[in-house]
Amino acid sequence: MSQEAAHHGPPTSFLRKYIFSVDHKVIGKQYYGLALAAVFTGMILSWVMRFHLVWPNAAIPGLQWLSKVGAPGGVMTPEYYLSLLTMHGTLMVFFVLTNAPFAAFGNYFLPIQIGAEDMAFPRFNMMSFWVTFAAFVVLMSAFFVPDGPPISGWTAYAPLSAVGSDAGPGLGMGQNLWAISIALFCIASLLGALNFIATTLDLRAKGMTLMRMPISTWAWFITSCIALLAFAVLLPACLLLILDRIAGTSFFVPGGLMISDRLQPHSGGSPLLWQHLFWFFGHPEVYIAILPAMGIVSHILINSMRKPLLSHKVVIGSMLSIGFLSYMVWGHHMFLSGMNPFSALVFSFPTLIITIPATILTLIWLGSLYGSRLQINSASLFALGFISMFVSGGVSGFFLAQPSIDIYLHATYFVVGHFHLVMGVAAIFGIFAGTYFWFPKMSGHMMNETLGKIHFWFTFVGAYCIFMPFHYLGLAGNVRRYSSFVDDYLQPLLPVHKFITIAAFCTGAAQLVFLFNLIYSRFKGAAAPDNPWNATSLEWTIPSPPPWNNFGDKHPVVYHDPYQYGVEGAKEDFTMQDSPERVPVKS
Amino acid sequence: MATAIHEPPITTERPTGGNGSPPAFPPHEESLRSVGDRSPEPARTGIWIALAAIAMSFAAFISALIVRQGSPANDWQHIAIPGVLYFNTAILILSSLTLEVARRQTASFIRAQGATRNQALAWLVATLGLGLFFVAGQYVAWLQLRSEGLYLATNPNSSFFYLLTAVHAIHVLGGLGGLARVIRRLAPATPILRKSTMDATSYYWHFMGILWIYLLFILVLKL
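As they're listed, the protein sequences go chains Y and B. Just so you know, we're using our numbering here: the first sequence kicks off at 305 and counts up by one. Just so you know, we're using our numbering here: the second sequence kicks off at 439 and counts up by one.
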């Protein structure tokens, strides 16, 4: 039988059950825990950076313990600011935005939503988590090497990232660790993507046709296709970078480069080559972060609205076209690289075209809300918040897609505001929505709704207070990546920065409410019924939390489309996918 | 355990059209299209997905090569490809042939259609030996380049030579690991080898052969 690949006995030892588990649910939780550790580390880094930006001479107690050289007496050097910037970006993009919505929720719910017992290759699945974990440890160890983390940013542009410690702090061992960490992360993500695709194609339950898969499953499936091809390019890029750094090759470093009065022993390399390889991964990565959130949000909104979206097929088609187009727009990150202006135009068009499926999705969400009986709870609030963030962050993308405007705005806070809203905050709202929605299934306990709503409103208002003024700062010419604003023309902008910093502290503090709710509910929350939201998909047909083999000895059979809500003539307001009840099909 | 079907179940009750016709109903279990007990083997699907990722990685390497060749520094220096590569190529092609025989023998053995386990094992071991021979041959090629004073960082051409051959060799070693696994599963008195595992391993191996021929073209034409 084919399912032997995904079939394994119940775990017997502690190690097999909780540490080196092959159970997709445990692996999903492990990914979630890793993302949680990364997101709080990244958030604390952003606090430290925001504090330094507005009070550059004030000591941050304890920072000197992290790096004596980087923060003597607790006041960080400009270089150390860049080190923290690099770590913040790398942690958030890779270990939070890729891990949580895709690897964590995908691992936990994709097999259940298609009625499978586990992933297609459970051992690969375990490996992909532990390799990711190793990548995390390698990255974090950069904090503790003598010259600290690299200063080259999460994009690690060559030649800065490729020439070694001559070019500045963190570019020796720190940059090596960064490159190794990302290479490991690529390997883990490739294994994960392979597993997701094979599982979706091969292990669907009887009756679970492709069009009967929930939108969240579709989103994870499309994301894994994107991840498979994107990380397959970043891995070679990292390998070339490592060779340039430790083996003296010249893939990315041009000749005749004098750094710190030393002629670099390289010749003829192309710094642009790194940018091309990196962004060929980097832009699809944006969609690796946002597509699962789109799927999760659609899944939750439909449940809260008690009716399907205006068109299931168009939503899936839009997500597919976003995935396809994501490979054709990488050059829009490089308008300032000195590329041929004609090339810039070539990249600008598909960038504008990609807004069409994104707009269609947004209109479908909003149009479906019209006339629905929306149930307000923490999950649906965060789902709505996702749409708000996605629209607010996406609108500035229209401007940035045009080379002539981007050239002015690219190195300013405008771009920082844009990508934080559309990619960072939006995806994190998707993660929160997913957490509030699926926590009962994952833990067997309900989360506290009041705390959830407090968390939502502080986060929602706070995120706007932080990132909206970024756009204003950018228009005013406030450059990115500076560790303090001592220039005359930046002085009048300092009050805005102070406002942002205070907002960042408050919004960050609100996340502690979430953390408390998560831990408190895990132990003291009310017991969760099997289907607390009266939802239709397969994950709600099994106990909360599910047994190790998901469906017990039953083999689920699927009779219905995923979202049979409010069908006239049906016994109830909703019909579960595995219910043999005959319900009229909507014409 | 799940069973997949890939087409919508055939519904027996469709609207007949016209006013007041009964709406369509999703089917009962009895009318779900029977697809037999077998769904596609994940190993067989998985290997194609893995090959897509590997192809993409090599596409990235080759793109890097083309970009690097066009560098304004004009430091692209032709290197003579070691002759042993052609011999290695022949070995790798031969190994694909022996593996194909092994695959058929194994299938025939699993289905009890005549072939014995030892016949299948012999062809598998021959493939394994040829594969090891190929990797050793690649090592000889590296030694030859070294003896000419061409190291990894000597010039971009030598960098790409070592890079492409080494990354390919690592993938071939992975394939050898797969072959060893197939042999280990076929060797016991009660074999536990599944045909899909054998097939997946052989697809991977043939792909490594095709990839190598492509790489050889690139090495000869570009370096």
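Just so you know, even glycine gets a beta-carbon here, dropped at the ideal spot from N, CA and C.
Report yes if the C-beta distance between residue i and residue j is below 8 Å; otherwise report no.
i      : j      : result
Y/M750 : Y/S825 : yes
Y/T840 : Y/Y869 : yes
Y/W837 : Y/N480 : no
Y/L581 : Y/S672 : no
Y/G701 : Y/T659 : yes
Y/I733 : Y/M693 : Looking at the sequence itself, residue 733 of chain Y is Phe, so the reference to Ile does not match. Cβ atoms of Y/F733 and Y/M693: closer than 8 Å.
Y/L357 : Y/H801 : yes
Quick one: Cα of residue i to Cα of residue j, how far?
i      : j      : result
B/F571 : B/T544 : 23 Å
Y/L505 : Y/M727 : 28 Å
Y/G621 : Y/L629 : 12 Å
Y/Y786 : Y/L545 : 26 Å
Y/P463 : Y/Q579 : 10 Å
B/A462 : Y/T513 : Here the model assigns B/A462 a pLDDT of 37, short of 50, so the residue's position is not dependable and the matter cannot be decided.
Y/A531 : Y/E589 : 7 Å
B/R476 : B/V563 : Confidence at B/R476 is low in this model, with a pLDDT of 46, below 50, so the placement of that residue is unreliable and no value is reported for it.
B/F499 : Y/A408 : 31 Å
B/L649 : B/A497 : 11 Å
Y/A534 : B/A553 : 44 Å
Y/L713 : B/A604 : 43 Å
Y/P575 : B/S596 : 19 Å
Y/D327 : Y/W852 : 7 Å
Y/I519 : Y/P866 : 8 Å
Y/Y322 : B/I651 : 46 Å
B/S472 : Y/V400 : Note that B/S472 has pLDDT 34, beneath the 50 cutoff, so the model's placement of it is unreliable and the number below is only indicative. Each residue's Cα considered, the two are about 42 Å apart.
B/L661 : B/R619 : 36 Å
B/H466 : Y/K510 : In this predicted model, B/H466 has a pLDDT of only 42, less than 50, meaning its place in the structure is not dependable enough to derive any value.
Y/G572 : B/L590 : 15 Å
Y/D834 : Y/A341 : 29 Å
How would you list, in chain order, the residues of chain Y whose beta-carbon sits under 8 Å from the beta-carbon of residue i?
i      : result
B/M494 : L532, L533, A536 and V537
B/S534 : Within chain Y, no residue comes near B/S534; the closest Cβ sits about 24 Å away, beyond 8 Å.
B/S597 : L547, T553, S554 and F555
Among the residues of its own chain, which have a CB less than 7 Å from the CB of residue i, if the five just before and after it don't count?
i      : result
B/A560 : none
B/A558 : A540, Q543, T544, F547 and L624
B/G474 : The pLDDT assigned to B/G474 is 36, lower than 50, so where the model puts this residue is not dependable; a value taken from the coordinates is nonetheless given after this. No residues qualify anywhere along the chain.
Y/P569 : G552
Y/I709 : F703
Y/I664 : V618 and S622
Strictly below 7 Å CB to CB, what residues from chain Y border residue i?
i      : result
B/F499 : P540
B/G484 : A424, F425, L498 and A502
B/I656 : Under the 7 Å cutoff, chain Y gives no residues; its nearest Cβ is about 14 Å from B/I656.
B/A488 : L498
B/P594 : S554 and G572
Which chain B residues sit within Cβ distance under 7 Å of residue i?
i      : result
Y/L544 : A502
Y/L629 : Within 7 Å Cβ-Cβ: nothing; Y/L629 doesn't reach chain B, min ~17 Å.
Y/L567 : None at all; the shortest Cβ gap to chain B is about 15 Å.
Y/F494 : Reading off the sequence, residue 494 of chain Y comes out as Leu, not Phe. Under the 7 Å cutoff, chain B gives A491.
Return the chain-ordered list of same chain residues with a C-beta closer than 6 Å to the C-beta of residue i, the five sequence neighbours on each side being excluded.
i      : result
Y/W669 : I691
Y/S788 : P360
Y/M477 : V449
Y/V442 : L481, I484 and S485
Residues of chain Y with CB closer than 9 Å to the CB of residue i, please, in chain order.
i      : result
B/P629 : Correct list: empty, because the minimum Cβ distance to chain Y is about 15 Å.
B/R506 : S554, F555, G572, G573, S574 and L577
B/D513 : S554, G559, S571 and G572
B/P520 : Correct list: empty, because the minimum Cβ distance to chain Y is about 20 Å.
Whose C-beta lies closer than 8 Å to the C-beta of residue i among residues of the same chain, with five residues either side of it excluded?
i      : result
B/L532 : L568
Y/G457 : L386, L389, T390, G393 and R785
Y/L624 : I526
Y/F324 : M430 and W434
Y/M347 : G812 and Q815
Y/S647 : G635
B/E468 : Because B/E468 carries a pLDDT of 41, less than 50, the predicted location of this residue cannot be relied on, and the following value inherits that uncertainty. Taken in chain order, the list of residues that qualify is empty.
For a contact defined as C-beta to C-beta under 8 Å, what are the partners of residue i on chain B?
i      : result
Y/M581 : Reading the sequence as shown, one finds Leu at residue 581 of chain Y and not Met. Going along chain B in sequence order, the residues near Y/L581 (Cβ under 8 Å) are A498, S501 and A502.
Y/A551 : L590 and A591
Y/L685 : Those do not exist, as Y/L685 stays about 33 Å from chain B at its closest Cβ, beyond 8 Å.
Y/L624 : Chain B residues near Y/L624: none, gap ~17 Å exceeds 8 Å.
(Q) I'd like the ranges of any alpha helix (DSSP H) spanning at least 4 consecutive residues and lying wholly in the stretch 786-829 of chain Y. (A) 798-828
Q) Where in the stretch 467-511 of chain Y do unbroken runs of the alpha helix (DSSP H), each at least 4 residues long, occur, reported from the N-terminal end onward? A) 477-506
Q: Could I get the ranges of all uninterrupted beta strand (DSSP E) runs contained in the stretch 564-606 of chain Y, with 3 residues as the minimum, in chain order?
A: none
Q) Hey, which unbroken runs of the alpha helix (DSSP H) at 4 residues or more fall wholly within the stretch 514-567 of chain B? A) 522-548
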